Ligand code: C2G
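Residue numbers (the working numbering): 238 to 362.
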């Protein structure tokens with residue numbers, strides 16, 4: 238089974254790693270879409286680390302098989318088809334937001350890890 242997930246993954250932390258490990262455990266191939274710097278800007282977010290750095294951190298994780306850039310909200314349908322994803326998953330801060338993808342693949346939300354976030358860590362940096 239092929240699993241796909243998306244995120245900014247700024248200041249990579251254990252909440253991200255727990256999510257990615259659980260996502261990988263749903264199948265055997267994990268595709269991660271990482272927000273481009275331009276996409277973050279359009280969301281009104283400024284990441285501490287740029288795209289290439291965030292990507293290099295995720296590449297260090299054994300659970301991640303493929304990284305693709307996320308340029309806009311609407312690309313998920315094409316990515317699911319192109320990369321033959323069977324499962325789309327996100328943390329439950331996004332619960333219900335991506336249910337429209339369920340005609341293409343299974344959509345699952347995972348519980349978000351409490352007490353840690355990129356926003357919190359950026360505040361310390
Ligand atoms: N996450 C988590 N626990 C935390 C923090 C984050 O499980 N304490 C999860 C989020 O729910 C998400 C993933 O880690 O599934 C990545 O989180 P972010 O980098 O904050 O992603 P976001 O900016 O919400 O981008 O199109 C979707 C967007 O790109 C999502």
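Note that CB positions come from ideal geometry on N, CA and C, so glycine has one too.
Computed from a predicted model, the values in this text were never measured in an experiment.
Contacting residues, own chain, Cβ-Cβ under 8 Å from residue i (five flanking each side not counted)
i	result
residue 251	350, 353
Beta-carbon spacing of residue i, residue j below 7 Å
i	j	result
residue 300	residue 255	no
residue 253	residue 362	no
residue 347	residue 328	yes
residue 326	residue 345	yes
Member of the options whose CA lies at the smallest distance from the CA of residue i
i	options	result
residue 321	281, 303, 246, 293	303
residue 310	270, 246, 332, 324	270
residue 356	281, 261, 240	281
residue 314	337, 333, 296	337
residue 260	289, 241, 339, 305	241
residue 323	332, 289, 343, 248	343
residue 257	297, 335, 316, 332	297
Rounded separation between residue i and residue j - CA only
i	j	result
residue 358	residue 293	19 Å
residue 247	residue 287	8 Å
Simplified DSSP state of residue i, which is helix, strand or coil
i	result
residue 326	strand
residue 303	strand
residue 360	helix
residue 349	coil
residue 272	strand
Spatial neighbours of residue i in its chain, beta-carbon cut-off 6 Å, leaving aside the 5 residues before and after
i	result
residue 272	245, 307
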